[in-house]
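Chains as they are written, first to last, in our numbering: chain Z, 1 to 329; chain L, 330 to 658.
C-beta atoms are modelled at their ideal positions from N, C-alpha and C, and glycine is treated no differently.
Keep in mind it's a predicted model, so treat the numbers as computed, not measured.
Quick notes on the structure that follows.
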């Protein structure tokens with residue numbers, strides 16, 4: 001571990017719809033310790049902000065540090081975020097609208113706070129630590145409950161006019177496909193997210209499909225997770241294999257579309273589904289993507305799975321915290 | 330017209346698969362005169378380059394100028410173009426691969442040549458002259474025989490890793506849709522280009538569909554053009570109206586996707602189909618695009634039809650020529 005002076009620690013916060021995850025990092029962005037609590041969004045934003053505060057304290061305490069030794073904190077929030085005003089403009093998963101997250105957290109914590117959209121922050125985390133900020137252009141694709149993305153263009157985060165760029169989960173790729181949570185049909189998210197995978201499995205099982213999953217979890221597939229799909233496939237479950245393969249094919253088409261549109265140097269896939277199923281999905285994703293990209297467009301482009309897994313958000317949070325602290329120096 | 334010194338004229342060249350179109354501009358980018366010849370791509374690139382040279386001379390002569398008074402020339406070519414080496418890397422419509430267009434043209438014309446991809450050049454033309462380079466981010470969508478696009482991000486053309494960014498025509502939006510020229514199914518281009526519109530009309534007419542178009546052009550619809558569709562709709566042809574409406578709906582979905590992905594400040598639509606059918610298509614495109622964009626993402630974003638029409642390419646050519654000349658000063 002690099003030697004870190006007093007006050008040279010950073011905290012990254014991953015604020016999700018279901019859980020809050022925090023991590024303490026030294027100045028070389030080594031992870032020292034983490035904490036986790038449920039979000040309890042239904043209790044309202046004041047309660048959630050207090051839970052973030054407690055979760056930061058828990059991680060700091062876990063590392064035998066005190067809040068006074070934390071130089072800056074970076075928070076990723078799910079939705080449209082304005083980093084300048086420090087407000088979460090719109091976060092449907094939290095039921096938040098115009099919440100002054102930065103101001104409220106600074107009041108509680110007395111440490112400078114930076115905020116960003118969660119997928120942007122994961123992209124920044126991957127870009128700075130896994131890719132060492134080398135590629136000029138990069139696209140991050142995160143597949144979990146939903147699907148989101150982040151764009152690095154000419155070495156900088158690109159967030160567009162309303163700071164909502166990267167909503168690649170709502171790219172329609174099958175106009176007559178299944179209904180998406182957003183109201184449209186056949187969005188990438190409705191075809192390849194964990195929600196889409198699980199819905200396909202639940203529907204088939206109800207219709208009498210045999211699968212090892214019911215042996216593992218009971219007839220109602222309670223507490224089904226992405227990792228269960230991996231285990232079922234490795235035990236030879238052809239049905240689960242086909243469902244995951246189909247999601248990988250749709251992901252490949254989406255990646256092909258994005259190569260045609262953006263032509264980024266590197267495409268990194270992350271999120272819970274990729275973390276659990278990279279071995280099963282990545283080869284298919286890459287093959288289909290190169291097939292759907294126009295001739296010449298995918299030459300030299302790298303398509304890879306992130307190794308940061310669930311930590312991409314807290315790493316990215318620490319990166320933006322450190323950047324903000326350096327600007328202030 | 331602004332006063333222009335001797336030698337302060339620029340030529341823009343739009344090199345297409347079927348025609349070469351050239352325009353002479355003064356230093357304020359006022360169009361002084363044009364010329365047009367067929368491309369005759371089947372004769373090979375030497376012959377095409379000679380035709381470009383003659384078409385430039387024709388336009389210059391049309392304006393009572395001589396080549397010596399031309400300061401710089403900008404050429405838009407259909408395909409992947411490397412502006413630095415001056416090569417057309419890959420242009421399927423011309424059957425060109427690694428053609429040193431800049432070098433060959435400079436040999437003939439003795440005037441500095443700049444080259445760019447045709448859709449990029451149209452986007453630059455629209456951005457600099459119609460939008461006065463005001464928006465930070467802009468997306469150009471050009472719908473003609475095919476569909477292409479260009480991206481202005483943070484005030485500069487963005488062309489990606491292999492200089493092929495903006496191939497939005499090959500974004501799959503209906504994975505089970507009609508076959509595209511690229512080999513995939515349901516690309517935006519296979520659903521809403523002039524080729525797609527005409528194919529749908531020809532197929533329906535062969536199957537017995539009644540339409541005013543056959544009264545206008547005969548039973549084989551010879552020499553069918555986008556303008557004929559407009560005339561048929563204005564004479565009350567419900568079938569043609571429905572075909573054009575469907576293309577507008579697909580275009581709206583594509584624009585919605587691109588708002589979700591990029592979140593540009595302005596989206597400008599151009600090309601022959603839009604030039605002929607803007608009144609019939611734009612309202613539908615805007616409505617569907619805002620419907621498919623996530624809540625909040627399209628706020629304040631302008632979606633408009635270009636007024637440059639067929640001149641976007643030559644205007645953009647003059648813009649890059651002028652830029653290159655200014656850099657050399």
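Provide the residue span of the beta strand (DSSP E) that contains residue 150/Z, from first to last.
Taken as a continuous stretch (DSSP letters only), the beta strand (DSSP E) holding residue 150/Z covers 147-153.
In angstroms with no decimal places, state the Cα-to-Cα distance between residue 75/Z and residue 14/Z.
Approximately 6 Å, taken between the alpha carbons.
Note down, in chain order, all residues in the segment 280-303 of chain Z with a beta-carbon under 9 Å from any beta-carbon belonging to chain L.
Within the segment 280-303 of chain Z, the qualifying residues are 291, 292, 293, 294, 295, 296, 297, 298, 299, 300, 301.
Please confirm whether residue 482/L has its beta-carbon closer than 8 Å to some beta-carbon of chain Z.
Yes, residue 482/L lies at the interface with chain Z (some Cβ there is under 8 Å from its Cβ).
Would a check of beta-carbon distances place residue 130/Z closer than 8 Å to chain L?
Answer no: the Cβ-Cβ gap between residue 130/Z and chain L never drops below 8 Å.
Would you mind telling me which residues of chain L sit closer than 9 Å to residue 173/Z, beta carbon to beta carbon, in chain order?
Residues of chain L passing the Cβ test: 500, 501, 502, 503, 504, 515, 586.
Taking only beta-carbon positions, decide if residue 117/Z is within less than 8 Å of chain L.
By this cut-off, residue 117/Z is not an interface position.
CB-CB under 7 Å to residue 431/L, same chain, minus the five flanking residues each way: which ones, in chain order?
For residue 431/L, where only same-chain residues beyond five positions count, the Cβ hits under 7 Å are 415, 442, 444.
Using the beta-carbon count (16 or more within 10 Å), is residue 565/L buried or exposed?
The residue is exposed, with fewer than 16 neighbouring Cβ atoms inside 10 Å.
Does the segment 237-252 of chain Z come into contact with the segment 269-289 of chain Z, if we say contact requires no fewer than three beta-carbon pairs (one atom in each stretch) closer than 8 Å?
Yes, they touch.
Do the CB positions of residue 229/Z and residue 191/Z come within less than 8 Å of each other?
No, Cβ-Cβ distance for residue 229/Z and residue 191/Z is not below 8 Å.
For the beta strand (DSSP E) that contains residue 70/Z, what are its first and last residues?
Looking at the DSSP string, the run of the beta strand (DSSP E) that includes residue 70/Z is 70-77.
Relative to the C-alpha of residue 337/L, which residue among 477/L, 357/L, 351/L is closest?
The residue with the shortest Cα to Cα distance from residue 337/L is 357/L.
Under 8 Å between the Cβ atoms of residue 81/Z and residue 55/Z?
Not a contact, by the Cβ cut-off of 8 Å.
Which first and last residues belong to the beta strand (DSSP E) in which residue 490/L is found?
Unbroken run through residue 490/L: none, as it is neither H nor E.
Since residue 476/L meets chain Z, which of its residues come closer than 7 Å, beta carbon to beta carbon?
Chain Z residues near residue 476/L: none, gap ~11 Å exceeds 7 Å.
Would you decide whether residue 207/Z is buried or exposed? Buried here means 16 or more other CB atoms lie within 10 Å of its CB.
By the 10 Å Cβ count, residue 207/Z comes out exposed.
Along the chain, where does the alpha helix (DSSP H) that runs through residue 602/L open and close?
First-last of the alpha helix (DSSP H) with residue 602/L: 601-621.
May I ask you to verify whether the segment 363-383 of chain L touches the segment 422-439 of chain L, counting CB pairs closer than 8 Å and requiring at least 3?
Segments in contact, yes.
Whose CA, out of 25/Z, 21/Z, 71/Z, lies closest to the CA of residue 78/Z?
For the residues 25/Z, 21/Z, 71/Z, the minimum Cα distance to residue 78/Z belongs to 21/Z.
Determine the DSSP secondary structure at residue 636/L, reduced to helix, strand or coil.
The answer is coil: DSSP assigns residue 636/L none of H, G, I, E or B.
Can you pull the chain Z residues whose beta carbon is under 8 Å from the beta carbon of residue 452/L, in chain order?
The premise fails here: residue 452/L is roughly 14 Å from chain Z at the closest Cβ pair, so nothing lies under 8 Å.
Does residue 471/L come within less than 8 Å of chain Z when only Cβ atoms are used?
Not one chain Z Cβ lies under 8 Å of residue 471/L.
Taking the beta strand (DSSP E) that residue 138/Z belongs to, which residues open and close that run?
Residue 138/Z -> beta strand (DSSP E) spans 138-143.
Evaluate the contact criterion for the segment 447-463 of chain L versus the segment 597-606 of chain L: three or more CB pairs, one atom per stretch, below 8 Å.
Yes, the segment 447-463 of chain L touches the segment 597-606 of chain L.
Let's test the definition: count the other Cβ atoms within 10 Å of the Cβ of residue 331/L and tell me whether it reaches 16, buried, or not, exposed.
Residue placement at residue 331/L cannot be trusted, given a pLDDT of 47 that sits under 50; what the coordinates show is reported in the next sentence. Exposed, by the Cβ-count rule.
Mind pulling the chain Z residues with CB within less than 7 Å of residue 487/L?
Correct list: 153.
Buried or exposed for residue 174/Z, please, with buried defined as at least 16 other CB atoms from any protein chain shown within 10 angstroms of its CB.
Buried.
Are the Cβ atoms of residue 509/L and residue 479/L separated by less than 8 Å?
It is not a contact, given that the beta carbons lie outside the stated cut-off.
When you compare each of 258/Z, 126/Z, 222/Z to residue 167/Z by their alpha carbons, which one comes out closest?
Nearest of 258/Z, 126/Z, 222/Z to residue 167/Z, Cα basis: 258/Z.
Taking just the CA atoms, how far does residue 375/L sit from residue 418/L?
When rounded, the distance between both Cα atoms is 16 Å.
Around the Cβ of residue 395/L, are there at least 16 other Cβ atoms within 10 angstroms (buried) or fewer (exposed)?
Exposed.
Report the neighbours of residue 493/L on chain Z: residues whose CB is nearer than 8 Å to its CB, in chain order.
What residue 493/L touches in chain Z: 260, 263, 294, 296, 297.
From the DSSP output, read off the bridge partner residues of residue 361/L.
Residue 361/L pairs with nothing; no bridge assigned.
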